[in-house]
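Numbering (the numbering used here), first residue to last: 7 to 182. Accompanying notes for the structure given below.
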């Protein structure tokens, strides 16, 4: 299957094929073998380069949360939130030709990547925020994760308070 994947303002073509237990992933002409294992409701452990002799093996844990629109995801990796848009191959080109934007339109829902506790709320409703500005800090699995805005905007709603427990996928902040 081939997809267009937009990370920030960078568009990449990604092809994925399953061969046995491994995923063969081609990103803009660079091939990778990935061993992906589900380790939680919205969490995956990825071993990139498994079975390859010329690529060092990289192990990462990734948490996913649904974004504001279909095909939008917030990828939580190494304490960073990365907004990602995934569409069928060619869809972004069609969208631009039709006058749309490849970036997610509408409000950005910042959601808990996993169950945890709200340690700090860094914004309030009505605040102007910049892309990558911290919004809320969630403690999960004894680690603090600062969740950030994907783009510039205004905070429409803060749905949590410090000390509150949250479930995976719970909406924490909405940015317009």
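C-beta atoms are modelled at their ideal positions from N, C-alpha and C, and glycine is treated no differently.
Between the CA atoms of residue j and residue i - distance to the nearest angstrom
| i | j | result |
| --- | --- | --- |
| residue 131 | residue 165 | 9 Å |
| residue 32 | residue 47 | 26 Å |
| residue 41 | residue 52 | 6 Å |
| residue 12 | residue 93 | 9 Å |
| residue 176 | residue 10 | 27 Å |
| residue 103 | residue 113 | Residue placement at residue 103 is flagged as unreliable, the pLDDT there being 35, under the threshold of 50; a coordinate-derived value is accordingly withheld. |
| residue 137 | residue 156 | 5 Å |
| residue 134 | residue 147 | 30 Å |
| residue 84 | residue 125 | 18 Å |
Contact under 7 Å by Cβ, residue i with residue j
| i | j | result |
| --- | --- | --- |
| residue 158 | residue 180 | no |
| residue 129 | residue 161 | yes |
| residue 34 | residue 44 | no |
| residue 2 | residue 174 | No information on residue 2 is available, as it lies outside the stretch 7 to 182 that the chain covers here. |
| residue 142 | residue 151 | no |
| residue 183 | residue 78 | The structure shown has nothing for residue 183, since the chain only spans 7 to 182. |
Integer-rounded CB distance, given that residue j should sit under 8 Å from residue i
| i | j | result |
| --- | --- | --- |
| residue 139 | residue 115 | Actually they do not touch by this definition, with Cβ atoms about 16 Å apart. |
| residue 38 | residue 26 | Contact doesn't hold; Cβ gap of about 15 Å is too wide. |
| residue 127 | residue 168 | 6 Å |
DSSP three-state assignment for residue i, whether helix, strand or coil
| i | result |
| --- | --- |
| residue 147 | coil |
| residue 128 | coil |
| residue 157 | coil |
| residue 90 | strand |
| residue 49 | strand |
| residue 182 | coil |
Residues bridged to residue i (per DSSP)
| i | result |
| --- | --- |
| residue 136 | Beta-bridge pairing links residue 136 to no other residue. |
| residue 122 | 172 |
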